[in-house]
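Chemist: A single structure is presented below for examination.
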Amino acid sequence: MRIDIVTIFPAMVEQALTAGIVGRAIERGALAVHVHDLRAFTTDRHRVVDDVPYGGGPGMVLKPEPIFRALDAIAATVETVPAVILTSPQGTTLTQEVAERLSRKPGFTIVCGRYEGVDERVRARVDEEISIGDYVLSGGELPALVIVDSVARLVPGVVGDERSVAEDSFSRGLLDFPQYTRPAALTIVARGGAAPAAALKVPDVLLSGNHAEIRRWRKREAIGRTLARRPDLLASAALDDEEREILRQLAADPEKT
Ligand code: SAM
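For the sequence shown, this note's numbering assigns the number 1 to the initial residue and increments by one for each residue that follows.
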């Protein structure tokens, strides 16, 4: 997959793309991300990308022509013109389903807004607007990184063990089960003093080596958590027979969740 990002702060995006799973995927060639400095597509000496809004009011607006030139330049380097995504608090909210849909594309271009946003006419070249949530950020760089990360995880070959993606929260409409690592028992001292201490133990079943029991415990925890925290997800969750039975039991006796 190839993702192009158009931004006035390329360094902010490039730096983040060097880390972790996405950074390794780019290094291995499993994913290509090209970051374009919007100022490179200006034609004036001062490389101006913004201007005051018609009609007055506070703030600046990203000018349309540099964005159009950037999109043309990207389109000229690929066989199929990639879909253009505008980051916008007014867009479709990014969900796992949206990330899955995007992960099936050969690539796409993300335009990062700034200031009061982009000139409305840019939308003539935009295929979809994506928001990462109902709050307003200063720019589209963080949303672009969120989109890249959530989509990249779903591209085959990006995450080493694809079972971990399959088990992630939302992948089947369930939240993930709780995870523990060593040590098996942990003594923590209460805040503000030496005593009392509480022993925090890993559930016995995870130490039992009984894989059938562990699998069932995880299913039960995932369903219990989803029921307690995000019951709205269960209506469209893809459950197997065993999970449906666990859900029936937990729903009948919420004390057990
Ligand atoms: N005045 C705009 C509005 O109310 O719709 C907000 C502009 S915001 C300060 C600047 C840019 O940040 C936006 O053009 C967009 O690219 C990005 N942005 C801010 N919040 C976002 C969000 N929740 N999701 C995606 N992009 C966002």
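Built from N, CA and C at the ideal position, the CB exists for glycine as well.
Since this is a predicted model, take the numbers as computed values, not measurements.
Is Val136 near the ligand SAM - that is, is its Cβ less than 6 angstroms away from at least one heavy atom of it?
Modeler: yes
Chemist: Quick one: does the C-beta of Pro10 sit closer than 6 angstroms to a heavy atom of the ligand SAM?
Modeler: no
Chemist: Any heavy atom of the ligand SAM closer than 6 angstroms to the Cβ of Val7?
Modeler: Before going on, a small fix: residue 7 reads as Thr here, not Val. No, the ligand SAM has no heavy atom inside 6 angstroms of this Cβ.
Chemist: With a threshold of 16 other CB atoms inside 10 Å of the CB of Arg114, please say whether the residue is buried or exposed.
Modeler: buried
Chemist: My assumption, with CB atoms under 8 angstroms, is that Val155 sits in contact with Met1. Please give the rounded CB distance.
Modeler: 5 angstroms
Chemist: Suppose the cutoff is 6 angstroms on Cβ atoms and the five residues either side in sequence are ignored; what does the same chain contact list for Gln96 look like?
Modeler: Phe170
Chemist: Rounded to whole angstroms, what is the Cα-Cα separation between Phe266 and Ile8?
Modeler: Because the chain spans 1 through 257 in this model, residue 266 falls outside it and cannot be assessed.
Chemist: Could you check where the beta strand (DSSP E) with Glu128 kicks off and where it finishes?
Modeler: Glu128 to Ser131
Chemist: Residue ranges of each alpha helix (DSSP H) run of no fewer than 4 residues wholly in the stretch 48-79, ordered along the chain?
Modeler: 64-75
Chemist: Gly157 and Cys112 - do their beta-carbons sit closer together than 7 angstroms?
Modeler: No. Outside cutoff.
Chemist: Can you round the beta-carbon distance between Leu17 and Val6 to whole angstroms, since I take them to be within the 8 angstroms contact cut?
Modeler: Not a contact, Cβ separation roughly 14 angstroms.
Chemist: Taking 7 angstroms as the cut-off, decide whether the C-beta atoms of Ile3 and Val148 are in contact.
Modeler: yes
Chemist: I'd like to know whether the C-beta atoms of Val53 and Thr87 end up nearer to each other than 7 angstroms.
Modeler: Rather than Val, the amino acid found at residue 53 in this sequence is Pro. Their beta carbons are not under 7 angstroms apart, which means Pro53 does not touch Thr87 by this criterion.
Chemist: Tell me whether the stretch 23-31 and the stretch 46-62 touch, counting them as touching only if at least three CB pairs, one residue from each stretch, are closer than 8 angstroms.
Modeler: no
Chemist: Excluding the 5 residues flanking Val126 on each side, which residues of the same chain have their C-beta closer than 6 angstroms to its C-beta?
Modeler: Around Val126: Val84 and Leu86.
Chemist: What does Phe108 pair with, by DSSP beta-bridge criteria?
Modeler: Phe108 is bridged by DSSP to Ile3 and Ala83.
Chemist: Going by the beta-carbon positions, is the gap between Val136 and Pro89 smaller than 7 angstroms?
Modeler: Note that the C-beta distance between Val136 and Pro89 is below 7 angstroms.
Chemist: Under 8 angstroms, with one C-beta from each stretch per pair, do the stretch 175-192 and the stretch 200-211 reach the 3-pair mark?
Modeler: Because the criterion of three Cβ pairs below 8 angstroms is met, the stretch 175-192 and the stretch 200-211 touch.
Chemist: Sorted by chain position, which residues of the same chain lie with C-beta nearer than 8 angstroms to Arg58's C-beta, five sequence neighbours on each side aside?
Modeler: The identity of residue 58 in the sequence shown is Pro, whereas the question assumes Arg. These residues qualify, in order along the chain: Glu116.
Chemist: Phe108 to Pro82, Cα distance in whole Å?
Modeler: 5 angstroms
Chemist: Could you give the C-beta distance for Gly173 and Ser131, rounded to a whole number, given that I count them as a contact under 8 angstroms?
Modeler: Gly173 to Ser131, Cβ: 22 angstroms. No contact.
Chemist: Under 7 angstroms Cβ to Cβ from Lys63, same chain only, skipping five residues before and after it: list those, please.
Modeler: Val49, Asp50, Asp51 and Asp119
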